[in-house]
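Counting the sequence shown from 1 gives a position; the working numbering is that position plus 1063.
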Amino acid sequence: MTQFSSDLSRLSSADPAAARRAIPGHARESVWKAPDGHEIRRIDWRRPAESRGSLLFLGGRGDAYEKYLETLEYWFGQGWQVTAIDWRGQGGSGRLGDDDATGHIGDFTHWIDDLRGFWRDWKAESGANRPPCGKHVLIGHSMGGQLALRAVAERAVDPRALVLVAPMLGFAGPPLAPWMWHGAARIMAALGPVSRPAWKMGEKPGQAAGARQGILTHDVSRYEDELFWREERPQLRLGAPSWGWVERAAESMRRTARADMLARVTLPVLIVSTSADRLVSARAIRRAVRLLPDARLLEFGAEAAHEILREGDEVRGRALARIDAFLAEQLAVEGR
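Here's what the structure looks like:
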């Protein structure tokens, strides 16, 4: 894998975006090979001086870990050994469709299998540290939140605590039942090759040119971080999902909406969301909170768009403080 400079000097120290647009010198980029040989890109912040445990972060659809460098560095500073990965088929982990622009997956089960294998190896790595970083927590954003929740329910992973940020538990839009969303997606997927793009560009169909930033974050500078990294590392560029992705996403969300599936997630769960989300359903998130055995919700309003961890300082700070308090609470409970 091509390595890139982590030298902050190429950006002015007066630029507030500088730390978000360079790989920290103490972070290490590498790859993990899945059992089938597919290379999954990862980044690690190894063993802070006083480790609280190990934290794995999972990004959303179309994401690459570069978008979250600021937050990953923050958690490292809070005492966590931190790891993030790019999902198979996006970011720096290759592509699975007919072109480099369309985000395609044959089935979300492939991602669950990757997460199961990575989690097993990652836990073994952290356990081999001296001292071991043995308290493992999982944080997932958007599609990463959907997959994290499903992986816990299906016993593919076993974190001590789970944090979901704007999790993709339903599509934003009409309040249709999960089976209705899935049925509509199946019809559309059947009208042509499942690998064809579901729309031309952007994060959702019918999106006006230039509207993407407003859907994701109110913070223009943090939004531009993603544009910077896509220029710096062209392999990170990804456009619309395929109809196959849309149909499989609807099926996976239908699966995790079942009350019996949510009842299996007995560990403590914190969900951070926004009622103004135009990508994922706030209604579906609230329903999940009611059905999960041990869940709590921090819900923002119009001040926050979908990418809460890339929002303005006030919103982002509140979200991180709540996550910090939740994780500290879980560690304290375990210590008693």
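Even for Gly, the Cβ is constructed at its ideal location relative to N, Cα and C.
Between the alpha carbons of residue i and residue j, how many angstroms are there, rounded?
| i | j | result |
| --- | --- | --- |
| GLY1025 | ARG1293 | Because residue 1025 is not part of the residues shown, which for the chain are 1064 to 1399, the question remains open. |
| THR1165 | ALA1395 | 44 angstroms |
| ARG1379 | GLY1197 | 27 angstroms |
| ALA1224 | GLY1122 | 17 angstroms |
| HIS1167 | TRP1262 | 13 angstroms |
| PHE1171 | ALA1312 | 7 angstroms |
| ASP1221 | LEU1201 | 9 angstroms |
| GLY1169 | TYR1286 | 29 angstroms |
| GLU1374 | HIS1281 | 6 angstroms |
| TRP1143 | LEU1119 | 10 angstroms |
| ARG1179 | ARG1091 | 22 angstroms |
| LEU1390 | PHE1363 | 20 angstroms |
| HIS1204 | GLU1370 | 8 angstroms |
| GLY1208 | LEU1372 | 13 angstroms |
Would you mind sorting residue i into buried or exposed? The rule is 16 or more other CB atoms within 10 Å of its CB.
| i | result |
| --- | --- |
| ASP1149 | buried |
| VAL1257 | buried |
| ASP1099 | exposed |
| GLU1113 | exposed |
| VAL1283 | exposed |
| GLU1013 | Given a span of 1064 to 1399 for the chain in the structure shown, any question on residue 1013 remains unanswerable. |
| THR1146 | buried |
| ILE1278 | buried |
| SER1338 | exposed |
| MET1206 | buried |
Could you check how far apart the C-beta atoms of residue i and residue j are, in whole angstroms? I think they sit under 8 angstroms.
| i | j | result |
| --- | --- | --- |
| TRP1095 | ILE1103 | 5 angstroms |
| PRO1241 | ALA1320 | 5 angstroms |
Quiz item: For the 8 angstroms Cβ check, are there 3 or more pairs between the region 1312 to 1325 and the region 1342 to 1362?
Solution: yes
Quiz item: Enumerated in chain order, which unbroken segments of the beta strand (DSSP E) with a length of 3 residues or greater are wholly contained in the region 1235 to 1264?
Solution: none
Quiz prompt | 4-residue-minimum alpha helix (DSSP H) runs that sit fully inside the region 1169 to 1212, ordered along the chain | solution = 1171 to 1191
Exercise. Please determine if the region 1077 to 1088 and the region 1128 to 1147 are in contact, where contact requires at least 3 C-beta pairs separated by less than 8 angstroms.
Key: yes
Self-check item: Segment contact, 8 angstroms Cβ cut-off, at least three pairs: the region 1369 to 1389 with the region 1228 to 1245
Solution: yes
Quiz item: Pairing CB atoms from the region 1237 to 1251 with CB atoms from the region 1351 to 1360, are three or more of them under 8 angstroms?
Solution: no
Self-check item: Cβ contact (3+ pairs, closer than 8 angstroms) linking the region 1355 to 1363 and the region 1318 to 1330
Solution: yes
Exercise. Identify every run of the alpha helix (DSSP H) within the region 1111 to 1174, keeping only runs that are complete inside it and at least 4 residues long; order them along the chain.
Key: 1132 to 1140
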